[in-house]
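Chemist: If you read the sequences in order, they're chains A and B.
Just so we're aligned, residue 1 is where the first sequence starts under this note's numbering, counting upward by one.
Just so we're aligned, residue 290 is where the second sequence starts under this note's numbering, counting upward by one.
Just so it is clear, CB atoms sit at the ideal spot from N, CA and C, and this is done for glycine as well.
A quick note: this is a predicted structure, and the numbers were derived from the prediction, not measured.
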Amino acid sequence: MHSKDIKKLSLILLFSPFALWILLLIILPHIGMVVLSLKEKVAPRVYQYSFANYLDFLHEPIYWNTLLRTGSMSLLVTALALLIGFPIAYYIAKIAGPRARGGLFLLCLIPLWVSDLIRSYGWILLLRETGVISNFLLWTGMTGEPIEFLYNDAAVIIGLVYTVILFMIVPLVSTLDGMDNSMIEAGYNLGGNGFTVLRRIIIPYAMPGIVAGCIVTFMLSAGSYLTPILLGGKNSSWFTEQIYNQFITRFNWEGGAAFGMLLLLFTSLVIWLGLKLSGQTLANTVAKS
Amino acid sequence: MLANNKTSPFLVGYRLYVAAFFIFLAAPLISAGAFAFNDSLFPALPWQGFTLDWFFSDTEPKLGMFHDRRLLQGLYYSFVIAIFVAMLSVFVGTTNAFLFVRGEFPAKNFFYILMVLPLVIPGVILGISILVLASDTANYLEDTLDLELEFLRPGIVLVVLGQFSFIATITSLVITARLKKFDATMEEAAFNLGASRARVLRTITLPFLRPAMIAAGIVGFLVSFENFNTTLFLVGSEAPLTITMYDRMAKIGSTPVLNAVSFFLMVGSGLLALLTVVVQRDKSAQ
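(1) Could you tell me the distance, in whole angstroms, from the CA atom of A/Ile271 to the CA atom of A/Ile215?
(2) Would you tell me roughly how many angstroms separate the C-alpha atoms of A/Met261 and A/Ala43, rounded to the nearest one?
(3) Please state if the CB of B/Leu318 and the CB of A/Val114 are separated by a distance shorter than 8 Å.
(4) Which residue wins for smallest C-alpha separation from B/Gly525, given the options B/Arg499, B/Ser424, B/Glu431?
(5) Residues in the same chain with beta-carbon distance under 8 Å from B/Ser573, minus the five sequence neighbours each way, listed in chain order, please.
(6) Which residue from A/Ile110, A/Ile243, A/Ile184, A/Ile124 puts its Cα closest to that of A/Thr227?
(7) Could you please give the first and the last residue of the uninterrupted alpha helix (DSSP H) stretch that includes A/Gln280?
(8) Quick one: is B/Gln575 buried, meaning 16 or more other Cβ sit within 10 Å of its Cβ, or exposed?
(9) Do B/Ile419 and B/Tyr366 have their C-beta atoms within less than 8 Å of each other?
(10) Chain B partners of A/Leu231, CB-CB under 9 Å?
(11) Over the uninterrupted alpha helix (DSSP H) stretch that includes B/Gln452, give me the two end residues.
(12) Under 8 Å, Cβ to Cβ, is there at least one residue of chain B near A/Leu9?
(13) Does A/Tyr47 come within less than 8 Å of chain B when only Cβ atoms are used?
(14) Where does the unbroken alpha helix (DSSP H) through B/Lys540 begin, and where does it stop?
(15) Distance, Cα to Cα, A/Leu265 vs B/Val409?
(16) Judging by CA-CA distance, which residue of A/Thr267, A/Ala257, A/Gln280, A/Gly71 is the nearest neighbour of A/Asp56?
(17) As a quick exercise: from B/Glu527, B/Ser551, B/Arg499, B/Glu515, pick the residue whose alpha carbon is nearest that of B/Ala386.
(18) Relative to chain B, which residues along the region 34-66 of chain A have a C-beta separation below 8 Å, given in chain order?
(19) Taking Cβ positions, are A/Val197 and A/Tyr188 nearer each other than 8 Å?
(20) Between A/Thr140 and A/Ile133, what straight-line distance do the alpha-carbon atoms span, to the nearest angstrom?
(21) Taking C-alpha atoms, which residue in B/Gly353, B/Gln337, B/Phe310, B/Phe313 lies nearest to B/Ser551?
(22) So, does the CB of A/Arg352 fall closer than 8 Å to a CB anywhere in chain B?
(23) Do B/Trp343 and B/Pro545 come within 8 Å of each other at the CB atom, strictly closer than that value?
(24) Opposite A/Lys41 in the DSSP bridges: which residues?
(25) Say whether the region 525-536 of chain B touches the region 479-486 of chain B, bearing in mind that this needs 3 or more beta-carbon pairs closer than 8 Å, one atom from each stretch.
(26) B/Gly412 touches chain A at which residues, Cβ-Cβ below 7 Å?
(27) Using beta-carbon positions only, say whether B/Thr533 and A/Leu117 come within less than 8 Å of one another.
(28) Please list, in chain order, all residues of the same chain as A/Phe66 whose beta carbon is under 6 Å from its beta carbon, the five residues on each side excluded.
(29) According to a CB-to-CB cut-off of less than 7 Å, which residues of the region 117-137 of chain A neighbour chain B?
(30) In chain order, what residues of the same chain lie with their CB nearer than 6 Å to the CB of A/Asn53, ignoring the 5 residues before and after it?
(31) Hey, does B/Pro407 have any beta-carbon neighbour from chain E nearer than 8 Å?
(32) Does the ligand MG have even one heavy atom less than 7 Å from the beta-carbon of B/Thr383?
The following block contains the structure:
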């Protein structure tokens with residue numbers, strides 16, 4: 001009985017930090033945000049509950065266009081990150097020698113240790129009209145006058161792929177690492193060519209890693225603020241920018257909260273769809289990496 | 290294998306692709322760092338010669354970062370915030386690890402998913418939701434009890450809480466992974482030799498977890514230091530470095546002093562990252 005009490009007590013002691021954290025910093029704030037988003041200001045300091053903030057969103061094409069644009073560009077970023085990152089992860093996990101492997105993996109992680117701001121700043125210095133690439137092209141004579149590579153969608157996509165690709169590569173490397181090489185050899189021995197082996201053996205095996213990478217990548221891209229603004233300039237039209245404008249510039253917290261909920265619902269929906277389509281769960285993908 | 294022959298054109302092409310990828314990874318970091326040493330008022334080519342003015346000069350127009358009061362202040366606030374976030378996150382990460390590895394309680398899987406959830410919530414949302422709740426609470430207390438709680442208004446405390454809200458997930462995952470590898474027979478042996486629970490925890494289990502706790506602390510410190518999205522909404526008058534730098538960029542435009550700060554931060558985080566590798570390597574030696 002005595003040791004049972006101790007067990008119970010220690011369980012409660014261990015559970016309380018967890019409960020405080022999740023309750024006070026995650027659950028209650030989100031409930032507060034939902035409540036706030038359902039309030040409509042009818043007179044100074046007088047509010048009533050309504051869906052007015054959500055209707056505003058539907059009635060103003062610029063708002064939902066921005067959300068759709070953010071979503072579709074983030075999907076593109078996710079797809080590009082997977083296409084570019086998969087061969088790199090495969091190389092690190094399966095082709096590089098055991099000594100090169102650790103080094104390459106660490107090299108992959110280096111940009112992770114530098115803030116978004118510095119990464120975007122680096123791209124600005126490379127891409128702008130007076131930047132390194134434009135100057136290089138002038139110097140080689142490939143162009144007669146400086147070229148502005150900044151402030152367009154391509155720059156935003158390059159910057160975002162750069163920012164998120166590590167979160168694609170890391171889970172991919174750890175799943176591919178756990179794969180037995182004999183599975184690949186067996187595929188070849190049974191007469192499969194490189195493409196069949198990739199499609200029938202490697203990709204199904206790596207699926208949890210692929211899904212984990214895609215979820216984190218998509219979420220980071222749709223939720224990013226700095227990269228689209230700094231690389232896309234004034235017309236970047238990213239949804240997080242709308243949230244910031246509502247909150248800080250227009251001081252319309254009710255509208256901002258509604259926009260925040262919409263972004264959250266939208267990203268959750270996409271992630272849920274991704275999990276359903278790939279037959280994975282949150283616990284065996286993101287939690288594992 | 291997808292390329293057994295060491296000289297096949299496919300493998301050569303593959304290697305070139307990998308090399309190109311690493312150039313892509315390094316390019317913006319090099320350009321951000323290198324222009325800190327260019328003796329020019331603008332972070333752009335042509336190269337005007339080497340200088341350390343952007344670090345140490347104490348006169349305008351080339352005020353170096355170590356004489357720029359606002360940047361130094363930002364650095365200080367970032368440091369204070371990151372220390373608190375790292376300590377809190379390691380503490381909660383450790384209790385979470387014990388909770389989920391050792392504890393038996395109903396709906397454990399559900400709670401585990403709740404623990405991972407903050408990682409998939411956009412940082413902007415975490416920031417505004419915590420801002421909303423804190424302001425609501427502060428307004429309510431002010432209206433009903435005439436109580437003014439300063440820490441619920443945007444400022445350092447809220448920034449720490451906001452960053453902690455998702456960094457705790459990262460540290461929990463790191464420490465949980467380590468605790469799962471723990472061999473329970475080691476504890477049993479100590480119990481059999483007559484050690485108390487507290488003593489076993491202090492002399493056996495916690496030392497085993499220490500590399501993971503240190504690594505998690507460093508990761509938490511770095512993630513806090515570089516965070517922007519969550520911080521943006523919770524920041525008061527004590528702006529951490531990323532916010533100060535962003536302000537500078539928006540108001541003055543790019544200036545090489547920002548490159549100097551970038552270089553400084555890259556070296557700093559590089560050293561810390563190296564430290565995590567060294568700490569983690571101890572693990573395999575044990």
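Modeler: Judging by the given coordinates:
(1) Counting from one through the first sequence, the residue named residue 271 of chain A turns up at place 271. Counting from one through the first sequence, the residue named residue 215 of chain A turns up at place 215. Cα to Cα, the separation comes out at about 6 Å.
(2) As a first step, residue 261 of chain A must be located in the first sequence, where it is residue number 261. As a first step, residue 43 of chain A must be located in the first sequence, where it is residue number 43. Per the coordinates, the alpha-carbon of A/Met261 lies some 24 Å from the alpha-carbon of A/Ala43.
(3) Here residue 114 of chain A corresponds to residue number 114 of the first sequence, with the count starting at 1. Here residue 318 of chain B corresponds to residue number 29 of the second sequence, with the count starting at 1. Yes, the pair counts as a contact, with Cβ atoms nearer than the cut-off.
(4) The residue you call residue 525 of chain B lines up with position 236 of the second sequence. The candidate whose alpha carbon is nearest that of B/Gly525 is B/Ser424.
(5) Along the second sequence, one-based indexing puts residue 573 of chain B at 284. Note that B/Ser573 has pLDDT 47, beneath the 50 cutoff, so the model's placement of it is unreliable and no number is given.
(6) Against the first sequence, residue 227 of chain A aligns to sequence position 227. A/Thr227 has its Cα closest to that of A/Ile124, out of A/Ile110, A/Ile243, A/Ile184, A/Ile124.
(7) Here the question's residue 280 of chain A lines up with position 280 in the first sequence. Run containing A/Gln280: none; DSSP gives neither H nor E here.
(8) Looking up residue 575 of chain B in the second sequence gives position 286. In this predicted model, B/Gln575 has a pLDDT of only 39, less than 50, meaning its place in the structure is not dependable; the value taken from the coordinates is given anyway. Burial call: exposed.
(9) Here the question's residue 419 of chain B lines up with position 130 in the second sequence. Here the question's residue 366 of chain B lines up with position 77 in the second sequence. No, Cβ-Cβ distance for B/Ile419 and B/Tyr366 is not below 8 Å.
(10) In the first sequence, the residue the question calls residue 231 of chain A occupies position 231. Those within 9 Å of A/Leu231 in chain B number zero; the least Cβ separation is about 11 Å.
(11) For the purposes of this step, residue 452 of chain B is taken as residue 163 along the second sequence, with counting starting at 1. Here the alpha helix (DSSP H) through B/Gln452 covers 445-469.
(12) As a working note, residue 9 of chain A is residue 9 in the first sequence. No, A/Leu9 lies away from the interface with chain B (no Cβ there is under 8 Å from its Cβ).
(13) For the purposes of this step, residue 47 of chain A is taken as residue 47 along the first sequence, with counting starting at 1. Answer no: the Cβ-Cβ gap between A/Tyr47 and chain B never drops below 8 Å.
(14) Your numbering for residue 540 of chain B matches position 251 in the second sequence. 530-540 is the span of the alpha helix (DSSP H), which, as asked, contains B/Lys540.
(15) Along the first sequence, one-based indexing puts residue 265 of chain A at 265. Along the second sequence, one-based indexing puts residue 409 of chain B at 120. Going from the Cα of A/Leu265 to the Cα of B/Val409 covers about 12 Å.
(16) For the purposes of this step, residue 56 of chain A is identified with residue 56 of the first sequence, where counting begins at 1. Closest by alpha carbon: A/Ala257.
(17) Taking the second sequence and counting its residues from 1, one reaches residue 386 of chain B at position 97. A check of alpha carbon separations from B/Ala386 across B/Glu527, B/Ser551, B/Arg499, B/Glu515 identifies B/Arg499 as the nearest.
(18) Leu36
(19) Looking up residue 197 of chain A in the first sequence gives position 197. Looking up residue 188 of chain A in the first sequence gives position 188. The answer is yes: Cβ separation under 8 Å.
(20) Locating residue 140 of chain A in the first sequence gives position 140, where the first residue counts as 1. Locating residue 133 of chain A in the first sequence gives position 133, where the first residue counts as 1. Each residue's alpha carbon lies about 11 Å from the other.
(21) Position 262 of the second sequence holds residue 551 of chain B. Residue B/Gly353 is the option with its Cα nearest to B/Ser551.
(22) Here chain A has residues from 1 to 289 only, and residue 352 of chain A is not among them.
(23) The sequence position of residue 545 of chain B within the second sequence is 256, counting from 1. The sequence position of residue 343 of chain B within the second sequence is 54, counting from 1. Cβ distance < 8 Å, so B/Pro545 and B/Trp343 count as in contact.
(24) For this step, residue 41 of chain A is matched to residue 41 along the first sequence. The partner list for A/Lys41 (beta bridge, DSSP) reads A/Tyr47.
(25) no
(26) As a working mapping, residue 412 of chain B is identified with position 123 in the second sequence. Chain-order list of chain A residues neighbouring B/Gly412: Gly223, by C-beta distance under 7 Å.
(27) Within the second sequence, the letter at position 244 stands for residue 533 of chain B. Within the first sequence, the letter at position 117 stands for residue 117 of chain A. Against a cut-off of 8 Å, the Cβ pair of A/Leu117 and B/Thr533 comes out as no contact.
(28) Reading the first sequence from its first residue, position 66 is the one you call residue 66 of chain A. The amino acid occupying residue 66 of chain A in the given sequence is Thr; Phe does not appear at that position. Same-chain partners within the cutoff: Ser237, Phe239, Gln242.
(29) Leu117, Ile118, Arg119, Tyr121, Gly122, Trp123, Ile124, Leu125, Leu126, Thr130, Gly131, Val132, Asn135
(30) The residue labelled residue 53 of chain A in the question sits at position 53 within the first sequence. Here the set comprises Ser37, Glu254, Gly255, Ala258.
(31) Absent here is chain E; the protein component of the structure consists of chains A and B.
(32) Among the components of this structure there are no ligands whatsoever, and the ligand MG is therefore not found.
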